[in-house]
Every structure is written in structure tokens, then in C-alpha cells.
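Residue numbering for the sequence shown follows the UniProt record's numbering, starting at 1 and increasing by one per position. Every residue gets a Cβ at the ideal spot worked out from N, C-alpha and C, and that includes glycine.
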Amino acid sequence: MWGGFENPNAVSRIGLIRTLYYTKIGRESVAKLKQVIECPYNVSISSFDCKSMAIDSLLLLLKDLDTRYKVIDIAALFLVDLWDVKKLCFEYDTDLCYQALETKVKDEMVDAVGTLFTNVGAVLAWNSSIFRLNHLPKCSFRPVWMASNNKFNHSLRACNNESRGALIVLEGLDRCGKTSQSSRLVSYLEGLGHSAELWRFPDRTTSVGQMISAYLLNQSELDDRTIHLLFSANRWEKRSMMETKLKAGTTLIVDRYSYSGVAFSSAKGVDLEWCKAPEIGLLSPDLVLYLDMPPEKAAERGGYGDERYERLEFQKKVAQCYQILRDPAWKMVDACQPIEDVQKQLQKIVLDNVLACRKGKPLSLLWSC
């Protein structure tokens, strides 16, 4: 299988990467690359013939292999080999490292991760990588990664400054009126001649969404972190379509987004930063509308208690987590007002944002810095 080369368990990862670099095996190398990532190693910069070969070899793999479904493994290779990548970044050509991380890893990860997240194992792999990234020592590779991420975010702004639709998210406790007001906003915008669509998360039409639905309806049991990652996966699998719709000029009114996922999971006691990690890189909303209603008031509404999370004491904890997440840019709306009054207040705020996006307001990424 290895064309006369040593058994993969007996050589370093870098040695195998060099083998792939020279032989240019191409798409058949996907399985071999997995062995590269899993086998024992003792990496040293001296393993390379020249200072750029480490980056060049990885770039070649990213370019030649079908990495649309293996890019997480590639990223893990960077994240695991921290000390040697750090040497490349700080002792050698930093621009090459930016190119490798930004153009070939970060970019492909954002594009491919929606597909990858339909596999629970991929979700766990991504989350593990983010955990490592957020728990590196101060002298580690993290500053270079974050600098690269900032450059990537800047590139996204630069290439998306044309007229587009707005990404508008409604958040709040269960039964606060988000679904009703979301539908009314879509009708309002369509009546003014704007292209608009109503989106809901979780999207229960997908395979991941059906797993989530079964959990919410108490038809299955899942670990708190597992269900959180499934919620995140459900958003990632719609990311590409979301961006396409926005660039085509369609405004998306979204009933719940990443903030709900983080608030509900952290209300269970899961670390807030852990909850935010798999959401990094999703599109950032142009506007977040928070429908503010006391948990006790929401509990009086019809249908309350039908789903797993609709319990008063738990909703109180969710409200506290929303307080922590709340950004000054969020628009707070008193959801205890009559429906028509809430509707009028929302319409004015939303229309201003839709017009700003039509004038070229750039897209940005969620929690990217």
C-alpha cells in the first residue's frame, strides 16, 4: 500500500508527509493521511530540507487531496504539532504560515464544516480542536492563529461589501412570542417589496434536526455536550445556504440562533466558553432582537411545558445566561406589550437594518475575535 516505504507506525508524521509530498499520490492519500495523523511521531524542524518545506508539503496535501471531508484532520495536524508549527511561525516566514492557515485551512474549514458537522464524530473532532486552541500556553501558536482568523474576517468584509440581504435573529425565552413575530416580520418586509424568508433553529427537517427533535420531545436521551454539538451542527449545515441567500439579496428572519444554543447549554452547567467554541465562524447577525419577558409570564402562555426545556426553574437559569451573553448592540423589546405594539416596534428597527445591508454593510463572523 505504501509503495515500498516503511510501515506508518515506524516513521514520523513529517516523514510520511514528505513521502506524500514527493510522490504526489493525490486523492488516494486520504486514508494514508489519517494514518499520518494517528501514528506516533517525534517531529523536528530539522526533518525538512528547507524552511518552507513543512508548509509547502501541507499546502500540497490540502490542494491535491479531497479535503472537503477531511479538513478537520488537516487542521488537527496543525493544532497537535504546536511546538514545531510555532517555530515555523516565529522563526521563519510568517506570511507563509498565514497563507497555510488562512487560505488553506481556515477558508476550507468554513466552507466544508457544514457538511462535516452532519457526522457527530466530526462535530466532536472540531470541538476537541477548538478546546486545544483555547487552552494553549501563552507562548503558543494561538496568537498566530487568531491573527490569521482576523485577516480572514477582514477578507470576508472586503469581498462582501455589495448590496445584500440582512441576517436578523430573534432571541428570548420559550413562549415569549418569537415565532409569531418572526412570521409577521417576513410578511411586513415582503409587503414592502423586499425578498425575505423565515428560518428556524433547530431546523427539524434535516437528519441532525430530527435527532434534536426527538430529544426535545423526550423521545431520546443524550449527554448535555452531545446535544449541544448537534444543535451547533444543525446551524453549520445551513451556513453555506444562508450566505448564498444573503448575497442574493434575501433577508433572513431567524427564529433562534447560536445565542440560544449557548444560553440553554450553559444553563445546564456547561462552561460558557466551551459552548461558544463550536459556533465560532458562523455568520454574525446584522441585528439581534431580544424579546424580553419574565419567565413566570412566559409560563402562563398556551402550550408551555410540551417540550423538554419548558420548565420554569430552568427558564430562569436560561434568562440569567442570556444576561451574560447580551451585547450592547442587541435591541431589547418588551414582549409583554400587546402583540401589535411589539410588531410596530420591531418593524422600525428591522427596516433600518435591511436598508443598511442593501447599501453594502459587510458580512462578519460570529465571535471571531
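Just to confirm my understanding: we take residue i, look at its own chain, exclude 5 residues before and 5 after, and list those with CB closer than 8 angstroms. What are they?
i    : result
K297 : C336
S180 : I339
C321 : V262, A263, F264, S266, A267 and L272
Y304 : D174, R175, A298 and E310
K344 : none
G191 : none
Within 10 Å of its beta-carbon, does residue i have 16 or more other beta-carbons around it, so buried, or fewer, so exposed?
i    : result
A329 : exposed
L133 : Because L133 carries a pLDDT of 35, less than 50, the predicted location of this residue cannot be relied on, and the following value inherits that uncertainty. Buried: at least 16 other Cβ atoms inside 10 Å.
K348 : exposed
T251 : buried
M242 : buried
I324 : exposed
M332 : exposed
G269 : exposed
N218 : exposed
K245 : buried
A166 : buried
R235 : buried
Cα-Cα, which of the options is closest to residue i?
i    : options                   : result
D255 : R308, I168, K344 and L346 : I168
G209 : Q219, A233 and D223       : A233
I227 : P278, A196 and R200       : P278
C275 : V288, L289, S258 and P285 : S258
K359 : N218, G269 and K247       : K247
R200 : G191, D224 and S260       : S260
S163 : L289, V354 and G303       : V354
L289 : V342, G303, K361 and R235 : V342
S187 : M211, C357, P362 and V350 : V350
T206 : E237, Y304 and D223       : E237
S364 : L287, D223 and R204       : L287
K361 : W367, D352 and S368       : D352
Go to residue i, then tell me how far its alpha helix (DSSP H) extends in each direction, as first and last residue.
i           : result
A196        : Premise fails: A196 lies in the beta strand (DSSP E), A196 to R200, not in any alpha helix (DSSP H).
T244        : R239 to K247
residue 375 : Look at the range of the chain in this structure, 1 to 369, and you will see that residue 375 is not part of it.
I324        : L312 to L325
residue 399 : Given a span of 1 to 369 for the chain in the structure shown, any question on residue 399 remains unanswerable.
S183        : K178 to G191
N353        : I339 to R358
Y215        : S207 to L216
A298        : P295 to A298
Residues in the same chain with beta-carbon distance under 7 angstroms from residue i, minus the five sequence neighbours each way, listed in chain order, please.
i           : result
R301        : R175
F264        : Y309 and V318
residue 370 : Absent from the structure is residue 370, since the part of the chain shown begins at 1 and ends at 369.
M293        : G172, L173, C176, A335 and C336
D203        : G209, N234 and K238
W367        : K276, E279 and I280
G249        : S163, R164, G165 and S195
Rounded to whole angstroms, how far is the Cβ of residue i from the Cβ of residue j, which I believe are closer than 8 angstroms?
i           : j    : result
G172        : L291 : 4 angstroms
S183        : L170 : Rounded, the Cβ-Cβ distance is 10 angstroms, inconsistent with contact.
P295        : Q315 : 4 angstroms
A196        : I280 : With a Cβ gap of about 27 angstroms, A196 and I280 do not count as contacting.
E313        : L216 : The pair is not a contact, with the Cβ atoms about 18 angstroms apart (cut-off 8 angstroms).
L185        : L346 : 6 angstroms
residue 392 : L198 : Because the chain here runs from 1 to 369, residue 392 falls outside it and cannot be looked at.
Would you mind reading off the limits of the beta strand (DSSP E) that contains residue i?
i    : result
M332 : K331 to D334
E171 : L167 to G172
T226 : Where T226 is concerned, there is no enclosing beta strand (DSSP E), although the alpha helix (DSSP H) it sits in stretches over D224 to W236.
V254 : T251 to D255
Note down, in chain order, each residue of its chain lying with its Cβ closer than 6 angstroms to the Cβ of residue i, except the 5 sequence neighbours on either side.
i    : result
A214 : S220
G177 : L291 and A335
R326 : none
A356 : none
L222 : Y215
Is the CB of residue i under 8 angstroms away from at least one CB in chain B?
i    : result
Y304 : Among the protein chains of the structure shown there is no chain B, as only one such chain exists.
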